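Protein chains in written order, with this note's numbering: chain X, 205 to 453; chain U, -17 to 274.
Here the structure comes first, spelled out in structure tokens, and everything after it is commentary.
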């Protein structure tokens, strides 16, 4: 039963300057009793959220509202500074920059295997499906070229193809496949639909209404690290957009 | 409040709780850190595969691959043995195996330490993209260094073939020492890695220590060549020298001094204790230090 439950989750970043990363500076400051703790930012202030099986959840909100941080917490990449995170089911996430987790010198084909192994598959299981993943990625002959020669969109396609081939129970997407071309986006849509038919959980953070409407039915509007509204997608989107038209006028 | 984290992925992917919220009590942080290490060790097929891939990719466009390093090592050891052998008036027949085996062990120890400093900074993009035991990143690095070590140890074969070292059952004592070095490689990564992720100026500091460490280690000279004062002050405080001596002595047929093995055990115990303490403190905090 794939589901996610967050209770009173807070994630605070310390804003570390170059000097904060410096041990000598820290020691001197401590001796002079001048040490001031770095500024902290509550990326997530206090989140209570229940994401049951079969949910297709969209995350909306301004830049810096906490969408990516929330995904990182759900993915288990970022420990919360407080609160509890329960994740039931296999989570896979398309987070970070385009090439995150890829080895730039290696070919696309060998990255398919390494990425799968990094995500917990055995090398043998990945070798068995490498051709299917390569075909789905649509990278054709480029699949044997080193990844540093790939465009941003191609790297995202490669990662998406690997991730979805692993049959996760919970799929987390940050800005979906913004940089992939139309043809791949169509196939990715199909794959996401198949995935959702098998009652998985999808959480998608995006600024694109079209993308959200295609894949989500529920939405959370995040505002300064808090849940401002949770409900049916169209209603949340309408209120979210209304909030900045009011501000603008 | 009592902080808790429950993860219960499908059994095929394993269930593990590798971090605790930052406000969790020390006990919970320690449990999370040790769960991370256990999960890392359990995933040995994964990190050993990734270590091999890393070495393959690094040498993809070269003809000899990692054997280049072995060749460099052979030339260097031969050159140094001839020059220092002359300077110290030592016969090449005994000095060559001493330098060769000692230098191979020293390079393993210093490379493990060097890799430990940057492990989490270079893996920051991986850390951001997927949940995985942090210890598996360290173990992958240990794997890479041991692949190089395996290639370098091939140089031991001509030494045996030329009859420069006696091959006795005593040589097998080197095997547990190698395992001890691997344990040290893991735990040095678990304390030095997070330390550098938090305080970046520790990395150049460690590198400059490593650059001079070879002169304070008995690689190019014999312990009997230095005065007992130097021996006791500099060398007894050098953790590398114990592990190196413990590894070298059985392989080149030198007497196995108790001090080597007691020293190696003490170094390992301290390293494991510091590693567990720092990793307990850092496991949950580390992602925050490398994401920005």
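Even glycine gets a Cβ: it sits at the ideal position worked out from N, Cα and C.
Fair warning: this is a prediction, and the values are worked out from it, not measured in the lab.
Proximity below 8 Å, CB of residue i to CB of residue j
i, j, result
"residue 254 of chain X", "residue 205 of chain X", "no"
"residue 90 of chain U", "residue 170 of chain U", "no"
"residue 211 of chain X", "residue 293 of chain X", "no"
"residue 96 of chain U", "residue 33 of chain U", "no"
"residue 283 of chain X", "residue 1 of chain U", "yes"
"residue 274 of chain X", "residue 372 of chain X", "no"
"residue 238 of chain U", "residue 246 of chain U", "no"
"residue 126 of chain U", "residue 36 of chain U", "yes"
"residue 299 of chain X", "residue 407 of chain X", "no"
"residue 55 of chain U", "residue 134 of chain U", "yes"
"residue 152 of chain U", "residue 273 of chain U", "no"
"residue 77 of chain U", "residue 100 of chain U", "no"
"residue 378 of chain X", "residue 216 of chain X", "no"
"residue 31 of chain U", "residue 351 of chain X", "no"
"residue 250 of chain U", "residue 166 of chain U", "yes"
"residue 385 of chain X", "residue 412 of chain X", "no"
"residue 117 of chain U", "residue 174 of chain U", "no"
"residue 422 of chain X", "residue 259 of chain X", "yes"
"residue 74 of chain U", "residue 102 of chain U", "no"
"residue 305 of chain X", "residue 319 of chain X", "yes"
"residue 323 of chain X", "residue 376 of chain X", "no"
"residue 124 of chain U", "residue 168 of chain U", "yes"
"residue 435 of chain X", "residue 107 of chain U", "no"
"residue 195 of chain U", "residue 92 of chain U", "yes"
"residue 233 of chain U", "residue 164 of chain U", "no"
"residue 285 of chain X", "residue 4 of chain U", "yes"
"residue 11 of chain U", "residue 266 of chain U", "yes"
"residue 39 of chain U", "residue 338 of chain X", "no"
Residue i: first and last residue of the uninterrupted alpha helix (DSSP H) it sits in
i, result
"residue 425 of chain X", "No alpha helix (DSSP H) holds residue 425 of chain X; the beta strand (DSSP E) holding it covers 422 to 427."
"residue 218 of chain U", "First-last for residue 218 of chain U: undefined, no H or E at that position."
"residue 398 of chain X", "386 to 401"
"residue 21 of chain U", "8 to 24"
"residue 339 of chain X", "327 to 341"
"residue 288 of chain X", "Careful: residue 288 of chain X lies outside any alpha helix (DSSP H), inside the beta strand (DSSP E) at 286 to 292."
"residue 417 of chain X", "413 to 419"
"residue 259 of chain U", "240 to 264"
Nearest-angstrom beta carbon gap, residue j and residue i [assumed within contact, 8 Å]
i, j, result
"residue 430 of chain X", "residue 250 of chain X", "7 Å"
"residue 219 of chain X", "residue 242 of chain X", "6 Å"
"residue 181 of chain U", "residue 230 of chain X", "7 Å"
"residue 326 of chain X", "residue 27 of chain U", "6 Å"
"residue 270 of chain X", "residue 426 of chain X", "5 Å"
"residue 203 of chain U", "residue 70 of chain U", "6 Å"
"residue 388 of chain X", "residue 361 of chain X", "5 Å"
For residue i, the first and last residue of its enclosing beta strand (DSSP E)
i, result
"residue 215 of chain X", "207 to 218"
"residue 244 of chain X", "244 to 255"
"residue 374 of chain X", "374 to 378"
"residue 122 of chain U", "Element bounds for residue 122 of chain U: not the beta strand (DSSP E) but the alpha helix (DSSP H), 116 to 135."
"residue 262 of chain X", "260 to 264"
"residue 297 of chain X", "295 to 298"
"residue 194 of chain U", "Premise fails: residue 194 of chain U lies in the alpha helix (DSSP H), 184 to 195, not in any beta strand (DSSP E)."
"residue 409 of chain X", "405 to 409"
When the options are compared against residue i, the one with the closest alpha-carbon
i, options, result
"residue 368 of chain X", "X/239, X/405, X/232, X/231", "X/405"
"residue 183 of chain U", "X/228, X/327, X/378, X/215", "X/228"
"residue 396 of chain X", "X/374, X/336, X/385, X/411", "X/374"
"residue 243 of chain U", "U/271, U/159, U/118", "U/159"
"residue 225 of chain X", "U/178, U/221, U/266", "U/178"
"residue 205 of chain U", "U/193, U/191, U/255, U/223", "U/223"
"residue 332 of chain X", "X/345, X/323, X/316", "X/316"
"residue 313 of chain X", "X/359, X/291, X/269", "X/359"
"residue 438 of chain X", "X/449, X/420, X/336", "X/420"
"residue 415 of chain X", "X/268, X/392, X/207, X/334", "X/392"
"residue 213 of chain X", "X/434, X/398, X/265, X/246", "X/246"
"residue 394 of chain X", "X/409, X/365, X/410", "X/365"
"residue 261 of chain X", "X/447, X/270, X/410, X/362", "X/410"
"residue 241 of chain U", "U/221, U/235, U/131, U/233", "U/221"
"residue 446 of chain X", "X/355, X/234, X/388, X/266", "X/266"
"residue 207 of chain X", "X/238, X/244, X/248, X/291", "X/291"
"residue 298 of chain U", "U/193, U/59, U/128, U/129", "What is shown of chain U runs -17 to 274, which leaves residue 298 of chain U out entirely."
"residue 235 of chain U", "U/7, U/19, U/57, U/154", "U/154"
"residue 161 of chain U", "U/131, U/189, U/187, U/139", "U/131"
Chain B contact residues for residue i, given Cβ-Cβ distances below 8 Å
i, result
"residue 322 of chain X", "Here the protein chains are X and U, and chain B is not one of them."
Task: Touch test, the stretch 82 to 90 of chain U against the stretch 271 to 290 of chain X, Cβ-Cβ under 8 Å, three pairs minimum - done: no
Open item on the list: Between the stretch 257 to 264 of chain U and the stretch 2 to 16 of chain U, can you find at least three pairs of beta-carbon atoms closer than 8 Å?
Closed with: yes
Open item on the list: Across the stretch 140 to 149 of chain U and the stretch 41 to 52 of chain U, are there enough close Cβ pairs to call them in contact, namely three or more that are closer than 8 Å?
Closed with: no
- [ ] Inspect the CB distances between the stretch 216 to 224 of chain U and the stretch 195 to 203 of chain U and report whether three or more fall short of 8 Å.
- [x] yes
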